[in-house]
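Residue numbers (the working numbering), protein chains in the order written: chain R, 171 to 375; chain B, 2 to 580. Just so it is clear, CB atoms sit at the ideal spot from N, CA and C, and this is done for glycine as well. Bear in mind the structure is a predicted one, so any value in this text is a computation, not a measurement.
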């Protein structure tokens, strides 16, 4: 039955099945906190921590959890790790914690994380689940940094708070507003669709 | 082949002599007087702005357009001209170019090109510019001394801010809505266009003439502009006579971008309803929205948003006003029996499946389910408690530092402060024995260098819109005024409620000495009383929560503070003297 190798498990989530850009999962944090690269990185790090820990724990306990209550159990596990991430961030990076606000707690309902547990960790070994979770987490990070970078460069003229254009830059205010998140995501998807279509056209000709 | 008497051809047999290209170019021609008037009123800079918009549109169409040669049909040219006409004189050329290209790509080409778009592309471009560069698009430079001089800094380097003109001019709408000395601009000026405003919206006369020309040639459905005018006139007349709005109905009709929007943008054939009945609904909706936005909106003008919103409604209007096809049965919901050829009555409802095969599954005892969840919960709790023990002191230390900073912030001019606990009805600098700090409420009393009391800083938390808002504020009992306020913790909605600490204008109100008990009023609706705090638009509940927290805290503490405030302890004075 097994059709993938461990390395495929890892690589798959990074780009080919990127959770945000291809599977369209976890869009709430992807749109809400990506008004700067720093916020995007902090959110990605917290999510990476949660998805890896949850995948390891759930894949190692998969035989103990009855099917009937598996979703409840998964959510419990995910919620605990989110609480941990919340407390750790608050203790060691209080400014960033304040910046992200309620969105850290909202990682619990990130469907990307629950999706990986249900689709992968519940059926595979601990190591493969960890690889799969890490790949997905990296893919999520790539997508968020792309969004955050695009929005921060145009919205404030900086990258990681380093000014790129000097003091006289005219910021595109819309990019740091919620509308900018939707615009940027749409633009990235448009560009990806464009290149995908061209690749297919090249193959068929 | 020789000429035959009968020729057989496929339909259509009737061909109009009109074509998209012909119609589009006649719209361009009808706009020429408006373009000329904008150059006449605003100087050669107007022409540059219009050309920049057109260049953006044409280039986008050339690069990304679906059909080769689609530039020649003139639709991109119209989009560029109309966008340019909605921009203020002195608008930087690079922004105008960007707006044109954005409107073209995101308003038209991604929907599939001409005839497929939902929204008017020139308004999409303008909406983007409004959101991206809100300052530049609402800056109306004063007219230069000589006609040939350029207004504003239109040649600003791309991506960089334009130099701001010191002298600006208010538009008739902005003047009446936000001006310190609101005046109603005479209708005569509005009609001929000798007022400030966007490039192409000043002269109602030329716009009406252009519209008339198009309507006579049949390129424009006159139902749309007429319904918009009627609806704006009716609604603004109603609100004006009721005394709710300061805008007289005629002023409403001839000011701002209404003429340009109603005649040239709402009538875009692609984004307006098909039937005349639909056009009346469409126009009425636009008129109502324009009136509402102009009277109650945060911006002076609302034509753009009104048209875009109604554009989105067009598919629904078209469905609702679809004429009945000749020979079809009315859609009144009356059901007819459908009979099968055998004579039995057929039901149009879905057949209910008789049985669904459910795979057999092992029964799991309820006890096991509950035990699993309880065990998971217990483990999770244990894990959290362990980490909490580790992180709690770090978080508490940080909070204490933040609190110290906050006390100095809300008590400006304070050199030192002492924390007092409320023990019974008395303020005590020390806690009773065997008591923890969290059991007692506390205040921080600030002293200046001489040891004089500067004020009292009080912390309090109460539910806001999402979760508890924790804040600290400074209060001067001697003058009974507030000294400052700082939100310590809140989880209010990002972008709206979080303005209670991100919106500097809101926060600053607490530093200008308002006199409690405070009252939150709608922004701009205040009467200048000393206890009024302007609420944040869109975040009334959060703003009111802040005001309530301060009022409740003072209510609670006043009896204690009235008994007298302890003077500076000696040791802190010594410390001061040593410095």
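Within chain R, the residues whose beta carbon sits less than 8 Å from that of residue 133 of chain B are 342, 343, 344 and 345, listed in sequence order. Interface annotation, residue 492 of chain B: in contact with chain R, CB-CB separation under 7 Å. Neighbours of residue 369 of chain B in chain R, taken as residues whose beta carbon is under 8 Å from its own, are 236 in chain order. Our two residues, residue 237 of chain B and residue 401 of chain B, have alpha carbons roughly 56 Å apart in a direct line. In the structure shown, residue 330 of chain R falls within a coil segment according to DSSP collapsed to helix, strand and coil.
Residue 271 of chain R reaches chain B at 491, 492, 493, 495 and 499, counting residues in chain order whose Cβ is nearer than 9 Å. Interface flag for residue 200 of chain R against chain B is unset, since no Cβ pair is found closer than 7 Å. Distances from the alpha-carbon of residue 487 of chain B to those of B:501, B:80, B:219 and B:479 put B:501 closest.
Per the C-alpha coordinates, the member of B:19, B:297 and B:459 positioned closest to residue 404 of chain B is B:459. For residue 385 of chain B, the neighbours in chain R by C-beta distance under 8 Å run, in chain order, 250, 253, 254 and 257.
A buried status is given to residue 265 of chain B, since no fewer than 16 other beta-carbon atoms sit within 10 Å of its beta-carbon. Around the C-beta of residue 173 of chain B, 16 or more other C-beta atoms lie within 10 Å, and the residue is accordingly described as buried. Taking C-beta atoms under 8 Å as the contact rule, residue 132 of chain B and residue 344 of chain R qualify, at a distance of about 4 Å. Contact annotation: residue 278 of chain R and residue 304 of chain R have beta-carbon atoms that are not nearer than 7 Å. Counting the other Cβ atoms within 10 Å of the Cβ of residue 252 of chain B gives 16 or more, which makes it buried. Taking one beta carbon from each stretch, the stretch 297 to 311 of chain R and the stretch 336 to 351 of chain R have fewer than 3 pairs nearer than 8 Å; the two do not touch. Exclusion of the five residues before and after residue 409 of chain B leaves 415 as the residues of its chain whose Cβ lies within less than 7 Å of its Cβ. Interface annotation, residue 287 of chain R: not in contact with chain B, CB-CB separation never under 7 Å. For residue 239 of chain R, the nearest CB of chain B lies under 7 Å from its own CB, placing it at the interface with that chain.
Between the alpha carbons of residue 506 of chain B and residue 406 of chain B lies a gap of roughly 21 Å. Excluding five sequence positions before and after residue 248 of chain B, the CB atoms of its chain that fall closer than 6 Å to its own CB belong to 237, given in chain order.
In the three-state reduction of the DSSP assignment, residue 232 of chain R falls in the coil class, being assigned neither a helical nor a strand state.
By the criterion of at least three beta-carbon pairs nearer than 8 Å, the stretch 507 to 517 of chain B is not in contact with the stretch 452 to 468 of chain B. In this structure, B:288 is the residue among B:15, B:270, B:421 and B:288 with its C-alpha nearest to the C-alpha of residue 258 of chain B. Contact between residue 85 of chain B and residue 97 of chain B is confirmed by a C-beta separation of about 6 Å, below the 8 Å threshold.
At least one C-beta of chain B is nearer than 7 Å to the C-beta of residue 260 of chain R. Residue state for residue 114 of chain B is assigned as coil, using DSSP reduced to three classes. Contact between the stretch 311 to 327 of chain B and the stretch 277 to 286 of chain B is present, with at least three C-beta pairs closer than 8 Å. Residues are counted here when their Cβ sits less than 9 Å from a Cβ of chain R; for the stretch 530 to 545 of chain B the count is zero.
Residues of chain B with a Cβ closer than 7 Å to the Cβ of residue 338 of chain R are, in chain order, 161 and 162. One finds 261 and 262 in chain R with Cβ atoms closer than 8 Å to the Cβ of residue 395 of chain B, taken in chain order. Three or more beta-carbon pairs drawn from the stretch 178 to 192 of chain R and the stretch 312 to 322 of chain R are found closer than 8 Å, and the two stretches are therefore classed as touching. Residue pairing by DSSP puts residue 419 of chain B in a beta bridge opposite B:446. Counting along the chain, the unbroken beta strand (DSSP E) around residue 474 of chain B starts and ends at 469 to 477.
For residue 296 of chain R, no chain B residue has a C-beta closer than 9 Å to its own C-beta; the minimum C-beta separation is roughly 17 Å. Listed along chain B, no residue sits closer than 7 Å to residue 207 of chain R by beta-carbon distance, the nearest being about 17 Å off.
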